Amino acid sequence: NLMQQGHRNLLLNLESVPYIDSAGLGGIVHVYSTVKRKGGTLKLVNLTKRITDLLTITKLLTVFETFDSEADAVSSFNS
Numbered sequence: 025n026l027m028q029q030g031h032r033n034l035l036l037n038l039e040s041v042p043y044i045d046s047a048g049l050g051g052i053v054h055v056y057s058t059v060k061r062k063g064g065t066l067k068l069v070n071l072t073k074r075i076t077d078l079l080t081i082t083k084l085l086t087v088f089e090t091f092d093s094e095a096d097a098v099s100s101f102n103s
């Protein structure tokens, strides 16, 4: 577990993920909640249009920080 290893800032790269069902979305929300509770941050990277639309419909796009590239997401941890 990354959190047990001391990692607090996590990126989830969704570039190769064409679709997320309700179980997958629930898993991402669970990880987000766990990371936040332990003082960390979860950021989503390379969302497809379909996933962006899903997050918009579920109003989760306002919860997650999203980025178009890993480099942008990584640099955002330092700002």
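Numbering-wise (this note's numbering), the sequence shown opens with residue 25 and increments by one.
Here a beta-carbon is modelled for each residue, glycine too, at the ideal position from N, C-alpha and C.
Keep in mind it's a predicted model, so treat the numbers as computed, not measured.
*asked:* Three or more C-beta pairs under 8 angstroms: does that hold for the region 26-45 against the region 64-77?
replied: Yes: the two stretches touch, three or more of their Cβ pairs being nearer than 8 angstroms.
_Just to check my reading of the structure: Leu38 and Val69 have Cβ atoms closer than 8 angstroms, yes? What is that Cβ distance to the nearest angstrom?_
The pair is a contact, with the Cβ atoms about 7 angstroms apart (cut-off 8 angstroms).
*asked:* Tell me which residues share the same chain as Gly64 and place their Cβ nearer than 8 angstroms to its Cβ, disregarding the 5 neighbours each side in the sequence.
replied: Counting only Cβ-Cβ distances below 8 angstroms, and skipping sequence neighbours, we find Met27, His31, Arg32, Asn33 and Leu34.
*Identified DSSP bridge partners for Thr82*: According to DSSP, Thr82 bridges with nothing at all.
_N- and C-terminal bounds of the alpha helix (DSSP H) containing Phe101_ = Glu94 to Phe101 is the extent of the alpha helix (DSSP H) around Phe101.
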